[in-house]
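One structure below.
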Amino acid sequence: GENVEQHPSTLSVQEGDSAVIKCTYSDSASNYFPWYKQELGKRPQLIIDIRSNVGEKKDQRIAVTLNKTAKHFSLHITETQPEDSAVYFCAASDTGTASKLTFGTGTRLQVTL
Amino acid sequence: EPEVTQTPSHQVTQMGQEVILRCVPISNHLYFYWYRQILGQKVEFLVSFYNNEISEKSEIFDDQFSVERPDGSNFTLKIRSTKLEDSAMYFCATAGRAGTDTQYFGPGTRLTVL
Numbered sequence: 001g002e003n004v005e006q007h008p009s010t011l012s013v014q015e016g017d018s019a020v021i022k023c024t025y026s027d028s029a030s031n032y033f034p035w036y037k038q039e040l041g042k043r044p045q046l047i048i049d050i051r052s053n054v055g056e057k058k059d060q061r062i063a064v065t066l067n068k069t070a071k072h073f074s075l076h077i078t079e080t081q082p083e084d085s086a087v088y089f090c091a092a093s094d095t096g097t098a099s100k101l102t103f104g105t106g107t108r109l110q111v112t113l
Numbered sequence: 114e115p116e117v118t119q120t121p122s123h124q125v126t127q128m129g130q131e132v133i134l135r136c137v138p139i140s141n142h143l144y145f146y147w148y149r150q151i152l153g154q155k156v157e158f159l160v161s162f163y164n165n166e167i168s169e170k171s172e173i174f175d176d177q178f179s180v181e182r183p184d185g186s187n188f189t190l191k192i193r194s195t196k197l198e199d200s201a202m203y204f205c206a207t208a209g210r211a212g213t214d215t216q217y218f219g220p221g222t223r224l225t226v227l
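See below:
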């Protein structure tokens, strides 16, 4: 089955700096890659996703890149703000009927003033 | 914006007891999922459900677990005889389509087994 690795496990940046979180996946059939933000005690919230027919997607300060050949995808957050502090999970899924999400192990992002 | 809802928000139970966790999906969604998250760990897939039957289940989803959609709106997860290691946050998620459609997560039920 699919295995998703995520790095780093913790990331501390100063406000205004950029943050990059990287994930790799193992199943070449995976073609949908969402990123979720989870604040303490809250539900995972989708912040951006990318499908395999594109290599990059951007939404304001957040961007995701996908390299299908290398089986890795990355989340980029620019001009970080304290409210960006949370745990970020990457995930991978295929187009099968079940379409379960396989999550990475999470990155705790701390944005300091 | 419609949201997935779950009840209860927190359930405390004794080991060996049965618990039922409830989820109300977004109204036009057809695909339903249960995930769990042990404190401080990643979110893990339990089971997916479509067209009134299980589509896929993980190794975690053993004979102690069952799911159903009893009245066409609620989607429930039952644990027949809870174990200490079942203590976790259980998230329901729903999607309008399979494949590349977004899965929306509910707020979760924190299950504590004593």
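As you go down the protein sequences, you meet chains A and B in turn.
Residue numbers for the first sequence follow this note's numbering, beginning at 1 and rising by one.
Residue numbers for the second sequence follow this note's numbering, beginning at 114 and rising by one.
Just so you know, even glycine gets a beta-carbon here, dropped at the ideal spot from N, CA and C.
- Contact between I47 of chain A and Y36 of chain A holds, with the beta-carbon distance rounding to 7 angstroms and staying under 8 angstroms.
- With a threshold of 8 angstroms between beta carbons, L101 of chain A makes contact with chain B.
- Along the stretch 39–106 of chain A, the beta strand (DSSP E) occurs as fully enclosed runs of 3 or more residues at 45–51, 56–59, 62–67, 72–77 and 86–92, listed in sequence order.
- Residue burial annotation: S18 of chain A is exposed, with fewer than 16 other C-beta atoms found within 10 angstroms of its C-beta.
- For E198 of chain B, the secondary structure class from DSSP, reduced to helix, strand or coil, is helix.
- The C-alpha of G185 of chain B is placed about 43 angstroms away from the C-alpha of L11 of chain A.
- Counting the other Cβ atoms within 10 Å of the Cβ of M128 of chain B gives fewer than 16, which makes it exposed.
- With a cut-off of 8 angstroms on Cβ pairs, the stretch 187–197 of chain B is in contact with the stretch 119–134 of chain B, counting three or more such pairs.
- Residues of chain A whose Cβ lies closer than 7 angstroms to the Cβ of P121 of chain B do not exist; the shortest such Cβ separation is about 15 angstroms.
- The closest CA to that of G1 of chain A, considering only B:L224, B:E169, B:V117 and B:C136, is found on B:E169.
- Residue contact check for T195 of chain B against chain A: no CB pair falls below 8 angstroms.
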